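Worksheet: one structure, shown below.
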Amino acid sequence: MATYLVTGGAGFIGSNVCRELLAQNHTVKVLDNFATGRRENLAEIAGDIELFEVDIRDAEGIQPAFKGVDYVLHQGALPSVPRSVKDPVATTEVNVNGTLNVLTAARDAGVKRVVMASSSSIYGSNPELPKHEGMRPMPISPYAASKLANEAYAAACTHVYGLETVCLRYFNVFGPRQDPKSQYAAVIPIFVTALLKGERPTIFGDGEQSRDFSYVANVIQANLKASTAEGGAGQAFNIACGNRISLNELVRELNEIIGTNIDPIHTDPRPGDVKHSLADISAARETFGYSPAVDVRQGLEKVVDWYREIVDQG
Ligand code: NAD
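If you want the working numbering, it's the 1-based position in the sequence shown plus 44.
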């Protein structure tokens, strides 16, 4: 059994990762400042984890959390493209400077490997599909730029300090505990909660934009496999399902699962959003045996059940 530090462990992905680590009997530490994460996400497991409530921008303050840690799963960040368009400096300070603090603290503590959350947004305006890791990244938002900078620092730290790093380029992730209420909420929580309330979801643009949505269990699997794999150090890998659906299709699927027949409202496209997204996931499969176990339809069915309870509770 190993000791894992999950940064951003109070967030959507981080809190799900923590649950799986505990289920596998690992020791789990969480580092979070609750900027976008929520205490409720950790409520049931609070007694089983060690919590470090600190900001990753605090280079010294984060150091105690890394003591005795084998693997760091770095999920902590200010996510969201629109947030970064509104406040690019805050996004950069947390995502880039904060990440460099995490990397140097991991180096100083002798951590075996840091697995870091990157993003499909780094491919940006490069139109080639499917997205593969050999393509030139062309970020079109400050958020995407921050994630690309992270990858560069991760590779540099592997090179100059011998710190093993692996970056995982998540495509659109969804699952339980993804915040439906934030001003910057992601599309699936917004659509599901709208439909469950009998309201019309809003789509930015014509709805023909497509995404390679991935249920969170697939991302958890990728983190765990990447942390202990032999190879992959200093590299970045796509993590998704390898299929895409349009937002119009997503609304249709959700209507079917929920048993509603509600048409979306279409408004102007959002700046910084990419039109299509689809991942080639063969590199992760070949390097550390990643294989998505839950497809989009199965994931949507699970997530609808989870949001139904939230909506019923008001
Ligand atoms: P989230 O907002 O739920 O989680 C991020 C966590 O980081 C939160 O708990 C937040 O409080 C914490 N955090 C933010 N600023 C911090 C700081 N200064 N110090 C310490 N902790 C801080 O978002 P998420 O969807 O769970 O995203 C997790 C990671 O995955 C992020 O790095 C995000 O950029 C990346 N990612 C997510 C998706 C997705 O579809 N959800 C896609 C691509 C990449």
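Each residue gets a CB set at the ideal place from its N, CA and C atoms; glycine is no exception.
Please read all numbers here as calculations on a predicted model, not as lab measurements.
Per DSSP, what are the beta-bridge partners of His310 in this structure? Here residue 310 corresponds to residue number 266 of the sequence shown, with the count starting at 1. Beta-bridge pairing links His310 to Ile247.
Worksheet entry | Pairwise C-alpha distance: Lys156 and Val340 | Counting from one through the sequence shown, the residue named residue 340 turns up at place 296. Counting from one through the sequence shown, the residue named residue 156 turns up at place 112. Distance between the alpha carbons of Val340 and Lys156: 33 Å.
Report task. Report the residue ranges of all beta strand (DSSP E) runs contained in full by the segment 146 to 189; include only those spanning at least 3 residues, in chain order. Result -> 157 to 163
### Query
Grouping DSSP H, G and I as helix and E and B as strand, with all else coil, what is Ser290?
What you label residue 290 is simply residue 246 of the sequence shown in a count that begins at 1. The answer is strand: DSSP assigns Ser290 an E or B state.
For the ligand NAD, I want to know if Asp256 counts as a neighbour, meaning its beta carbon is within less than 7 Å of at least one of the ligand's heavy atoms. Indexing the sequence shown from 1 puts residue 256 at position 212. Not under cutoff, so the answer is no.
_Is Thr51 close to the ligand NAD? I mean its beta-carbon at under 7 Å from any heavy atom of the ligand._
Reading the sequence shown from its first residue, position 7 is the one you call residue 51. Yes, Cβ of Thr51 sits closer than 7 Å to a heavy atom of the ligand NAD.
Check whether the segment 259 to 268 touches the segment 348 to 356, counting contact only when three or more Cβ pairs, one atom from each stretch, lie closer than 8 Å. no
For this session: For Ala323, write down the residues that DSSP places opposite it in a beta bridge.
Result: Position 279 of the sequence shown, counting from 1, holds the residue named residue 323. Ala323 is bridged to Lys175.
- Message: Can you give me the C-alpha to C-alpha distance between Arg255 and Asp92, rounded to a whole angstrom?
- Response: Counted from its first residue, the sequence shown places residue 255 at position 211. Counted from its first residue, the sequence shown places residue 92 at position 48. About 35 Å.
For Asp76, which of Ser124, Gly142, Ser128, Val129 has the nearest alpha-carbon? Mapped onto the sequence shown, residue 76 falls at position 32. When only C-alpha atoms are compared, the closest one is Gly142.
Closest to Gly249 by C-alpha separation, out of Tyr197, His310, Glu243, would be which residue? Here residue 249 corresponds to residue number 205 of the sequence shown, with the count starting at 1. Checked all of Tyr197, His310, Glu243; the closest Cα to Gly249 is His310.
- prompt: Among residues of its own chain, excluding the 5 on either side of Ser190, which ones have a beta-carbon nearer than 6 Å to its beta-carbon?
  reply: Position 146 of the sequence shown holds residue 190. Only Thr135, Thr136, Asn139, Val140 meet the Cβ criterion.
List the residues that DSSP assigns as beta-bridge partners of Lys73.
-> The count along the sequence shown starts at 1 and reaches residue 73 at position 29. Bridge partners of Lys73: Leu49, Glu94.
Exercise. Examine the ligand NAD and report whether any of its heavy atoms sits within less than 7 Å of the Cβ of Asp223.
Key: Taking the sequence shown and counting its residues from 1, the one referred to as residue 223 is at position 179. At least one heavy atom of the ligand NAD is nearer than 7 Å to the Cβ of Asp223, so yes.
Taking only heavy atoms of the ligand NAD into account, decide whether any of them is closer than 7 Å to the Cβ of Ile89. Locating residue 89 in the sequence shown gives position 45, where the first residue counts as 1. Not under cutoff, so the answer is no.
_Classification of Glu330 by the beta-carbon crowding that lies within 10 angstroms, buried from 16 upward_ = As a working mapping, residue 330 is identified with position 286 in the sequence shown. The residue is exposed, with fewer than 16 neighbouring Cβ atoms inside 10 Å.
Next on the checklist: Which of the three DSSP states is assigned to Glu274 in this structure?
Outcome noted: The count along the sequence shown starts at 1 and reaches residue 274 at position 230. Of the three classes helix, strand and coil, the one that applies to Glu274 here is coil, per DSSP.
Practice problem: Report yes if the C-beta of Phe389 is less than 7 Å from at least one heavy atom of the ligand NAD; otherwise report no. | Solution: For the chain, the structure presents residues 45 to 358; residue 389 sits outside this window and is missing.
Next on the checklist: Distance check for Leu268 and Leu173, CA to CA, integer angstroms please.
Outcome noted: Numbered from 1 along the sequence shown, position 129 holds the residue referred to as residue 173. Numbered from 1 along the sequence shown, position 224 holds the residue referred to as residue 268. Taking the straight line from one Cα to the other gives about 27 Å.
Opening and closing residue of the beta strand (DSSP E) in which Asn282 lies: Here residue 282 refers to the residue found at position 238 of the sequence shown. Per DSSP, Asn282 belongs to the beta strand (DSSP E) from 279 to 283.
* To do: Please confirm whether Ser355 and Thr237 have their CB atoms less than 8 Å apart.
  => Along the sequence shown, read from residue 1 onward, the residue named residue 355 stands at position 311. Along the sequence shown, read from residue 1 onward, the residue named residue 237 stands at position 193. The amino acid occupying residue 355 in the given sequence is Val; Ser does not appear at that position. Their beta carbons are under 8 Å apart, which means Val355 touches Thr237 by this criterion.
Any non-hydrogen atom of the ligand NAD within 7 Å of Ser163 CB:
Taking the first residue of the sequence shown as position 1, residue 163 is located at position 119. Yes.
Residue-level contact to chain B via CB, Arg221, 8 Å cutoff:
This model lacks chain B altogether; it includes just one protein chain.
Notebook entry, point to check: What number of angstroms, rounded off, separates the C-alpha of Thr80 from the C-alpha of Leu122?
Noted result: Counting from one through the sequence shown, the residue named residue 80 turns up at place 36. Counting from one through the sequence shown, the residue named residue 122 turns up at place 78. Spanning the two alpha carbons is a distance of roughly 7 Å.
With DSSP collapsed to three states, give me the class of Val113. Numbered from 1 along the sequence shown, position 69 holds the residue referred to as residue 113. Three-state result, Val113: coil.
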